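Undergrad: Mind the numbering: the sequence shown is residues -23 to -1, 1 to 268 in mature numbering (1 follows the signal peptide of the UniProt record, and there is no 0), read in order. Cβ coordinates follow ideal geometry from the N, Cα and C atoms, glycine included. Quantities reported herein were computed from a predicted structural model and do not represent experimental measurements. The structure that follows is given in the form of structure tokens.
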Amino acid sequence: MRVRLRSACCLIVLAAKARPTAALRHFRCVPYGERAPAGGATITCDGRVPGATLELTHWTDNETPDDLYADTSTECALRLARIRRVGGTAYADHDDALVINNHFDTDGVLSAYACLHPEAALRHASLLADGAAAGDFGEWSSDAGVRLDAAIEAIGGAHGGDPAAYDAALAALPALLASLEADSADAADEEAPWRDGWGAALAGWQALASGDASLSRAGAIAVLREPSPKEEAESSEPLPGAGKRSPGECPRLPAVALRRGLPPLLRAPFGIRRVLRATDGGARGWPAGDA
């Protein structure tokens, strides 16, 4: 009987150590430059917040632990989720931490979501990583990742101030992730939050694929020649979802389209250090400048 009781107690202890954190952590958006709230464990996602007890960020001079560090803050948060999933004592003191950030962007939102809902985040780990890479680095790792970034940026733009934007984005993510994972995101859906950003990405890639825009290399500099407003508006039929632009509009080629077109230039013995943009079309076009 004594052995059975001891076994039961061990099971209870193990269950407690591996308890889910979704209901234990809460989020707060803190003003940029302010310190983390005192009096308990805090996890800062993406932004560097002075006084936080755990950093999950890839920013310069970060203090993210080596076993959690990754190229995006979202991947840092996913590493924490994997470590806590197996239980043990590593980072257990942050199971009920306050999750904080001081700015709104895709990597910040997705890393906060991964801390608030680690089990759900792990089910969508690849998509979350792709979305964060699209937002921070312009990576076109997957169509769904580009759409996810576009959706979060659109949600943020529709709400005044970072706290409201975070509330809206975090509330929308479960349905958004499920839709993108199921590939049920209809490219013709007029209500989709990612529609405008995704259309711009497709239009940018179409411009490169058709030759309306081009990339060349001059030493360590990639030179992007973008279409003029009139040329872009009158170019060939757009890809599905890309739409056409009115004459006079001259948006820059989106970063995801630019990055998607760079790989052929990266085969040289040395890498690309800068991207120089140049647009024909006179005063109404974008002037040459760094990307």
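In this structure, how does DSSP classify residue 222 when only helix, strand and coil are distinguished?
TA: Here residue 222 scores only 44 on pLDDT, less than 50, and its place in the model is too uncertain to base an answer on.
Undergrad: At what residue ranges does the segment 121 to 181 contain a whole run of the alpha helix (DSSP H), taking only runs of 4 or more?
TA: Entirely contained in the segment 121 to 181, the alpha helix (DSSP H) runs reaching 4 residues are, in chain order, 139 to 158.
Undergrad: Assess, as a yes-or-no matter, whether the segment 16 to 28 is touched by the segment 75 to 91 under the definition of 3 or more beta carbon pairs within less than 8 Å.
TA: Output reads yes: the segment 16 to 28 touches the segment 75 to 91.
Undergrad: On the premise that residue 201 lies in contact with residue 253, defined as a C-beta separation below 8 Å, what is that separation, rounded to the nearest angstrom?
TA: Yes, they are in contact, since the Cβ atoms of residue 253 and residue 201 sit about 7 Å apart, within 8 Å.
Undergrad: Could you tell me if residue 33 is buried or exposed, where buried requires 16 or more neighbouring beta carbons within 10 angstroms of its beta carbon?
TA: Residue 33 comes out buried.
Undergrad: Could you tell me whether any Cβ in chain D is nearer than 8 Å to the Cβ of residue 187?
TA: Annotation note: the requested chain D is absent from the structure, which comprises a single protein chain.
Undergrad: What's the C-alpha gap between residue 203 and residue 255?
TA: The alpha-carbon atoms of residue 203 and residue 255 are separated by roughly 6 Å.
Undergrad: Quick check: the segment 133 to 147 against the segment 176 to 195, are there 3 or more CB pairs under 8 Å?
TA: The segment 133 to 147 vs the segment 176 to 195: no contact.
Undergrad: Relative to the C-alpha of residue 55, which candidate in 100, 240 and 70 has its C-alpha closest?
TA: Checking every option, the nearest Cα to that of residue 55 belongs to 100.
Undergrad: Would you mind sorting residue 41 into buried or exposed? The rule is 16 or more other CB atoms within 10 Å of its CB.
TA: Buried: at least 16 other Cβ atoms inside 10 Å.
Undergrad: Using the Cβ count rule (16 or more neighbours within 10 Å means buried), how would you classify residue 3?
TA: When all chains shown are included, residue 3 counts as exposed.
Undergrad: Within the chosen definition, does the segment 55 to 65 reach the segment 116 to 131 through at least 3 CB pairs nearer than 8 Å?
TA: Touching, no, given that fewer than three Cβ pairs across the two stretches are closer than 8 Å.
Undergrad: Under 7 Å Cβ to Cβ from residue 51, same chain only, skipping five residues before and after it: list those, please.
TA: So the list reads 84, 87, 88, 91, 105, 106 and 109, once near-sequence residues are dropped.
Undergrad: To the nearest angstrom, report how far apart residue 45 and residue 112 are at their CA atoms.
TA: Going from the Cα of residue 45 to the Cα of residue 112 covers about 20 Å.
Undergrad: What is the rounded straight-line gap between the Cα of residue 37 and the Cα of residue 25?
TA: Those two C-alpha atoms are separated by around 9 Å.
Undergrad: Going by the CB atoms, is the gap between residue 178 and residue 128 shorter than 8 Å?
TA: No; because the gap between Cβ atoms is not below 8 Å, this pair is not in contact.
Undergrad: What three-state label does DSSP hand residue 116 in the structure shown?
TA: Note: residue 116 maps to coil in three-state DSSP.
Undergrad: For residue 190 versus residue 251, is the C-beta spacing smaller than 8 Å?
TA: No.
Undergrad: Does DSSP put residue 41 in a helix, a strand or coil?
TA: Coil.
Undergrad: Taking C-beta to C-beta, are residue 194 and residue 242 nearer than 8 Å?
TA: Yes.
Undergrad: Give me, in chain order, the residues of the same chain whose beta-carbon lies closer than 6 Å to that of residue 154; leave out the 5 immediate sequence neighbours on both sides.
TA: Closer than 6 Å at the Cβ level, and outside the excluded window around residue 154, lie 101.
Undergrad: Between the alpha carbons of residue 17 and residue 59, how many angstroms are there, rounded?
TA: Computed Cα separation, rounded: 23 Å.
Undergrad: Measure the C-alpha to C-alpha separation of residue 6 and residue 230 and round it to an integer number of angstroms.
TA: Each residue's Cα considered, the two are about 31 Å apart.
Undergrad: Would residue 157 pass as a contact of residue 125 if the rule is Cβ separation under 8 Å?
TA: Going by C-beta atoms, residue 157 is nearer than 8 Å to residue 125.
Undergrad: Would the beta-carbon of residue 145 fall within 8 Å of that of residue 132?
TA: Yes. Within cutoff.
Undergrad: For residue 175, which option in 232, 143, 149 and 31 has the closest C-alpha, if you only look at C-alpha atoms?
TA: The residue with the shortest Cα to Cα distance from residue 175 is 232.
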